[in-house]
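Residue numbering for the sequence shown follows this note's numbering, beginning at -1 and increasing consecutively.
No residue lacks a Cβ here, since even glycine has one placed at the ideal position from N, Cα and C.
None of the values given here were measured: they were computed from a predicted structure.
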Amino acid sequence: MTKIKVILSLFVFLLLISCNNKEAQIITVNGKIPASEIGKTLHHEHLLVDFIGADSTGYHRWDKDKVVEKVLPYLIEIKKLGYKTLVECTPEYLGRDPELLKILSEKSGIQIITNVGYYSAVGARFIPKHGFTETAEELAKRWIYQAKNGIEKSGVYPGFIKIAVERKPLEAINRKVVEAACITHKETGLVNMSHTGFAVPAFQQIDILKEFGVHPSAFIWTHAHNEKDFNKAVKAAKMGVWIAYDNFKPERLERFVEFSLLMKKEGLLNKLLFSHDAGWYKPGQPDGGIFRGFTEIEGLLIPALLENNFTQDDIDLLFIQNPAEAFKVKIRLI
Ligand SMILES: [Zn+2]
């Protein structure tokens, strides 16, 4: 009798888990999939970035066939290494091209996630004219429209919010995009990845989240490796913020490992995300310029972590479970 009870409760437990997994979804350029299908993920990369500025960029700036020819081998390369998903972090007015991403995803078999939101760093030169005159609510309305109806007529839906603020105390335009991201999150459940860097603007953004009743776990502190004081990132992670060490380069190996060991010691590995912030095809340069591939984490960082007593479960947490949890569609309120 007891045995039957145990088996029965185990069955109910497994059923509940599978139901929960079914509910949690991520949005790729080819549609929604269960978050559990995200697989090994690079959570911050770029396939194409156009730096000409919001007033001059547009799809006329690149030839999709030529971009595919150049970029596809780099996606096939990571597919062979076991990666399943790449999060493409180029925002609108900086070269986001949903149709191109869809082609590259279909041809490579890599799941790609794109975004909605504006980049207000670098003197706000990637903010379109209406970004300066409209309110946070009006900007959010545009972003929510894309989340609900797709991007233009591409049939592609954004899977996260991408914004950027200056690497110093927030200015009015930075504050406005953060507020618009909060409003959009509350309506759509898309996570907010914010190009941030240092701790000062990171904690200012956490305060804005609080004002809007949004939980810190809806915020990815992007480029957190730029902050010299590890303790600031630990503090934010304890609040629930995702800490993104996302510009891995060989010369940063020691620092990335040191920070990982600290996060492990603090029991915060479940809040850490890694990527290269690499790529990317640059319109206007011959053959798109020099493209940085996405293999240094596999070649250097993961082996170094394993040498420092990280287990395969830790690696799976960092590259599979954490991205699944961060990018799943869920409204996160305080
Ligand atoms: Zn980036």
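beta-carbon Asp53 near ligand 1 non-hydrogen atom, thresh 8 Å: Walking along the sequence shown from the start, residue 53 turns up at place 55. Outside the cutoff, so no.
Heavy atom of ligand 1 within 8 Å of His58 beta-carbon: For the purposes of this step, residue 58 is taken as the residue at position 60 of the sequence shown. Flag unset: Cβ of His58 not near ligand 1.
Heavy atoms of ligand 1 versus C-beta positions, residues under 5 Å: Cys87 and Asp275
9 Å Cβ cutoff met for Asn172 and Thr182: Here residue 172 corresponds to residue number 174 of the sequence shown, with the count starting at 1. Here residue 182 corresponds to residue number 184 of the sequence shown, with the count starting at 1. No; because the gap between Cβ atoms is not below 9 Å, this pair is not in contact.
Inter-residue CB distance, Leu331 and His213 (contact presumed, cutoff 8 Å): Residue 331 sits at position 333 when you count from the first residue of the sequence shown. Residue 213 sits at position 215 when you count from the first residue of the sequence shown. Contact holds; Cβ gap of about 6 Å.
CB contact flag (Leu98, Leu45, <9 Å): On the sequence shown, residue 98 is found 100 positions in, with the first residue counted as 1. On the sequence shown, residue 45 is found 47 positions in, with the first residue counted as 1. Contact flag set, yes.
CA-to-CA distance, Ile125 to Val114, given in whole angstroms: Indexing the sequence shown from 1 puts residue 114 at position 116. Indexing the sequence shown from 1 puts residue 125 at position 127. Each residue's Cα considered, the two are about 13 Å apart.
Buried versus exposed call for Leu299 [16 or more other C-beta atoms within 10 Å across all chains shown]: If you number the sequence shown from 1, residue 299 lands on position 301. Leu299 is buried by the Cβ-count criterion.
Complete alpha helix (DSSP H) runs within the stretch 96 to 181 (minimum length 4 residues, chain order): 96 to 106, 127 to 131 and 134 to 147
With 16 other Cβ atoms within 10 Å as the buried cut-off, status of Ser54: Taking the first residue of the sequence shown as 1, we reach residue 54 at position 56. Exposed, because fewer than 16 other Cβ atoms sit within 10 Å of the Cβ of Ser54.
Alpha-carbon spacing of Ala122 relative to Val85, whole angstroms: Within the sequence shown, the letter at position 124 stands for residue 122. Within the sequence shown, the letter at position 87 stands for residue 85. The alpha-carbon atoms of Ala122 and Val85 are separated by roughly 23 Å.
Cβ contact (3+ pairs, closer than 8 Å) linking the stretch 234 to 246 and the stretch 263 to 270: yes
The stretch 134 to 153 contacting the stretch 96 to 112, beta-carbon criterion three pairs below 8 Å: yes
Under 9 Å between C-beta atoms of Phe325 and Lys38: Your numbering for residue 325 matches position 327 in the sequence shown. Your numbering for residue 38 matches position 40 in the sequence shown. No. Outside cutoff.
Proximity of Gly157 and Ile288 at Cβ, strictly below 9 Å: For the purposes of this step, residue 157 is identified with residue 159 of the sequence shown, where counting begins at 1. For the purposes of this step, residue 288 is identified with residue 290 of the sequence shown, where counting begins at 1. Against a cut-off of 9 Å, the Cβ pair of Ile288 and Gly157 comes out as no contact.
Same chain, Cβ closer than 6 Å to Met261, five either side skipped, listed in chain order: Here residue 261 refers to the residue found at position 263 when the sequence shown is read from its first residue. The answer, listed in chain order, is Leu267 and Leu270.
Backbone secondary structure at His193 - three-state DSSP: The residue you call residue 193 lines up with position 195 of the sequence shown. His193 falls in the strand class under three-state DSSP.
Buried versus exposed, by CB contacts within 10 Å (16 or more), Tyr279: Looking up residue 279 in the sequence shown gives position 281. Classification for Tyr279: buried.
Residues bridged to Leu304 [DSSP beta-bridge criterion]: For this step, residue 304 is matched to residue 306 along the sequence shown. Looking at the DSSP assignment, Leu304 forms no beta bridge with any residue, so it has no partner.
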